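Each remark here refers to the structure printed beneath this line.
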Amino acid sequence: MKTHLPPKQPIMDQLNAQATPLQAGSTHQPLEQFLLLAKSTKGAAVVALIKQVLEAPGVYVFGELLEMPNVQELANGPNASYLAALNLFAYGTYQEYNENTNQFPDLSPVALTKLRHLTVVTLAAKSKHIPYPVFAQELDMKNLRELEDLIIETIYADVIRGKLDQKNQELEIDYAIGRDTKPEVVADIVNVLQEWCDGCEAVLGNIEDQILRANKHREHCVKTKQQIEQEVASIKKAIKASSSSTSQDVEEQHMAADTREMEVQATKPVKKSSKIKGLRGSGKLWTKSN
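Residue numbering for the sequence shown follows the working numbering, beginning at 3 and increasing consecutively.
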C-alpha cells in the first residue's frame, strides 16, 4: 500500500481495544437451528439452507452441516457448486475463492465479508503478528481504511482478539477461534499429538529418575550428617573427660606442693629477737645484757 489515509475517528478509538471475551459455544449454537432444518430438507431446499448459513451472523463453523448425507448428495447434481462453497467456508480462504471463482456460485457481499473474516482467522492461526501487506494480498483489499475497517469488524465479530498497530502496520493477535479441520489432516494431527505425548512421557521419566537420584543423595547426606554428629559428640565427650582428668591432676600437684611447703616451714628454727633500750637525751645507746 503506497497511500496511508488517516483513519476515521471512531476507528482511532477502537484500534487498541480488545474484543469482548468469546462466549462458550458462540460459533456452534447458531448452527444448531440449521442442522435441525437440514435433517428434513433435500435438493433445492438444501441449497437455500446453505445460502442462509453462508450469510448467517455468528456462524463460523460448518463441519457438522457439511457431513450430513443430504448435503453431500449435492456433489453429484447441478448444485455441486454450493457444496464447494460450503467446503470453502469450512476450510478455505478468500484467495482460494478469488483464484477459482468459476467453481463457486455467486456469493453475496455479506457472504464474501464472512469469508474474509474466516481468512483473517486462518492467518491468525499461523502468526501472532500479521503485516498489513499480507492482509492486502490475502483479502484482495488495497485501500487501507477498508482493510482496517474489516479487521475491526472481525474483532467485534468475536472470532479473534487483537490490537491494530498503525505504527508498525500490523495486527497483533491475542486469540483466534478454531476453524473446521479437514478429514485428511486428522491423521497428521493425531501423529503430532502422539509425538507430543511421547515427549511428555520421556520428560516425565527423566523427572522421575532425577527424583530418585535426589532422594538417594538426600538419604546419603542425612546418614553422613548423623555420623558426623555422632563423631563430634564422641570427641566432645573425650575432650571433656580428658580435661576433667587433667584438672584433677593439676589440683593434686598443687596440694602436694602446698603440703611440702608447710613441712619445710615447720622444720625451720625460730630466731629470738634482741631487746634494745635507749635513754632519751643521751647520745649513747646502752645495751642490757643477761
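Note that CB positions come from ideal geometry on N, CA and C, so glycine has one too.
If you're wondering where the values come from, they're calculated on a predicted model, not measured in any experiment.
In the assembly as shown, Ala40 is a buried residue. Its beta-carbon has 16 or more other beta-carbons within 10 Å.
Fewer than three pairs of CB atoms, one per stretch, sit closer than 8 angstroms, so the segment 166-175 makes no contact with the segment 48-59. DSSP places Leu85 inside the alpha helix (DSSP H), whose first and last residues are Ala82 to Tyr93. Assignment of beta strand (DSSP E) within the segment 168-202, counting only whole runs of 3 or more residues, yields 172-178 in chain order.
Collapsing the DSSP output to three states places Leu149 in a helix. Residue state for Lys144 is assigned as coil, using DSSP reduced to three classes.
The segment 36-84 is shown to contain no whole beta strand (DSSP E) run of 3 or more residues. The Cβ atoms of Lys44 and Asn72 sit closer than 8 angstroms to each other. Residue Glu172 holds the alpha-carbon nearest to the alpha-carbon of Ala126 among Arg215, Glu172, Lys238 and Leu206. Under the criterion of beta carbons closer than 8 angstroms, Leu120 and Leu56 do not qualify as touching, at roughly 11 angstroms. Residues of the same chain with a CB within less than 6 angstroms of the CB of Leu68, apart from the 5 flanking positions on each side, are Leu88 and Ala92 in chain order. Excluding sequence positions up to five before and after Asp142, its CB lies within less than 8 angstroms of the CB of Tyr96, Gln97 and Asn100, all in the same chain and listed in chain order.
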